[in-house]
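Here the structure comes first, spelled out in structure tokens, and everything after it is commentary.
In the numbering used here, the protein residues as written are 2 to 256.
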């Protein structure tokens, strides 16, 4: 079920205890010389809609929040961003709108790495207000680490930026938006960690041209395998969220 396609009476009649409200969150930002700025929005929306189509009876899917926390891309240009405090407040406001309407299961489905930390902060901030609700969040690719490791050929067996993974997904979904003549090895990625510590570096510091990994190894075939596999995994996760106990005390979660 898609939130924006239902009227108020239909929404009011949904079972608040069993429905998982999925809120896709993404970004619009530079993705190197070969990928569209809307990559995260396009991919996250497509994955969310594929999962919803597979288990519509358990899912209420909202429109994708296209604006993300993308300040680390701003020096490359071609990026729309909001500051962290605004983004955290926005996620909190969206969540409260649903929770105050008595929905009890909320899942932020993320499609942009820069959203992860503020998403977690937003969930932490609102959880004390709704201790009997199930509040979850995570990136869509996080459910399929083993799938990525088996499909991706480059040394980066993870989701980077306009990388082999994202480029393959886009070649499957919207090949018309990929400049295949510009596909190339991104070169060395400067790390954001030092001896277990986080080092805050933006994309101008970490990459030569605003992308990572080996998009030159991407293919539509890989993209289809990744897309279908991730959508299937998300259906499993949504099923788990739909059946997870609700409660505000430790005893509520004991089998």
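Even glycine gets a Cβ: it sits at the ideal position worked out from N, Cα and C. Bear in mind that the values here come from a model prediction, so they are computed numbers and not experimental data.
| query | Can you tell me the Cα-Cα spacing of residue 200 and residue 11, whole angstroms? | reply | As a working mapping, residue 200 is identified with position 199 in the chain shown. As a working mapping, residue 11 is identified with position 10 in the chain shown. Residue 200 and residue 11 have their C-alpha atoms some 48 Å from each other.
| Helix, strand or coil: which one does DSSP assign to residue 1? | Examination of residue 1 is not possible in this model, given that the chain is present from 2 through 256 alone.
| query | Counting along the chain, where does the beta strand (DSSP E) carrying residue 17 start and finish? | reply | Residue numbering aside, residue 17 sits at position 16 when the chain shown is read from its first letter. In the DSSP assignment, residue 17 falls outside any beta strand (DSSP E), carrying neither H nor E.
| said: Determine whether the beta carbon atoms of residue 183 and residue 35 lie at a separation below 8 Å. | reply: Position 182 of the chain shown holds residue 183. Position 34 of the chain shown holds residue 35. Cβ atoms of residue 183 and residue 35: closer than 8 Å.
| Meets three-Cβ-pair contact criterion under 8 Å: the stretch 62–74 and the stretch 110–124 | Result yes; three or more Cβ-Cβ pairs closer than 8 Å.
| request: Just list the alpha helix (DSSP H) runs in the stretch 135–192, keeping only unbroken ones of 4 residues or longer that don't cross its boundaries, in chain order. | output: If one requires a minimum length of 4 residues, the alpha helix (DSSP H) runs lying completely within the stretch 135–192 are 146–152, 165–174, in chain order.
| Test item: CB-CB of residue 44 and residue 167 under 8 Å | Along the chain shown, one-based indexing puts residue 44 at 43. Along the chain shown, one-based indexing puts residue 167 at 166. The Cβ atoms of residue 44 and residue 167 sit closer than 8 Å to each other.
| query | Since residue 48 is in the alpha helix (DSSP H), which residue starts that stretch and which ends it? | reply | Translated into positions along the chain shown, residue 48 becomes position 47. Residues 40–55.
| request: Identify the continuous alpha helix (DSSP H) that holds residue 100 and give its terminal residues. | output: On the chain shown, position 99 is the one that residue 100 refers to. That run of the alpha helix (DSSP H) goes 85–100.
| query | Which word fits residue 191, buried or exposed, when buried means at least 16 other C-beta atoms lie within 10 angstroms of its C-beta? | reply | Locating residue 191 in the chain shown gives position 190, where the first residue counts as 1. It is exposed - the Cβ of residue 191 has fewer than 16 other Cβ atoms within 10 Å.
| field | Span of the beta strand (DSSP E) around residue 60 | value | For the purposes of this step, residue 60 is taken as the residue at position 59 of the chain shown. Note, residue 60: beta strand (DSSP E), 60–62.
| said: How far does the alpha helix (DSSP H) with residue 228 in it extend, from its first residue to its last? | reply: In the chain shown, the residue the question calls residue 228 occupies position 227. First-last of the alpha helix (DSSP H) with residue 228: 221–244.
| Does the beta-carbon distance from residue 162 to residue 212 come in below 8 Å? | The residue you call residue 162 lines up with position 161 of the chain shown. The residue you call residue 212 lines up with position 211 of the chain shown. In contact: residue 162 and residue 212 (Cβ atoms closer than 8 Å).
| field | Proximity of residue 42 and residue 65 at Cβ, strictly below 8 Å | value | Here residue 42 is taken as the residue at index 41 of the chain shown, counted from 1. Here residue 65 is taken as the residue at index 64 of the chain shown, counted from 1. With respect to the 8 Å criterion, residue 42 and residue 65 are classified as neighbours on the basis of their beta carbons.
| message | Taking its Cβ as the centre, do 16 or more other Cβ atoms sit within 10 Å of residue 30, making it buried, or is it exposed? | response | Counting from one through the chain shown, the residue named residue 30 turns up at place 29. Burial is judged here by how many other beta carbons sit within 10 angstroms of a residue's own beta carbon; residue 30 has at least 16 and is buried.
| said: Using only the alpha-carbon positions, how far apart do residue 28 and residue 150 sit? | reply: On the chain shown, position 27 is the one that residue 28 refers to. On the chain shown, position 149 is the one that residue 150 refers to. When rounded, the distance between both Cα atoms is 25 Å.
| query | If you compare alpha carbons, which of 126, 221, 245, 50 is closest to residue 92? | reply | To locate residue 92, count along the chain shown from 1; it is residue 91. The shortest Cα separation from residue 92 among 126, 221, 245, 50 belongs to 126.
| query | Touch check for the stretch 138–149 and the stretch 234–249: three-plus C-beta pairs under 8 Å? | reply | Contact between the stretch 138–149 and the stretch 234–249 is present: 3 or more CB-CB pairs across the two stretches fall below 8 Å.
| message | Check whether chain D comes within 8 Å of residue 203, counting only Cβ atoms and requiring the distance to be less than that. | response | This model lacks chain D altogether; it includes just one protein chain.
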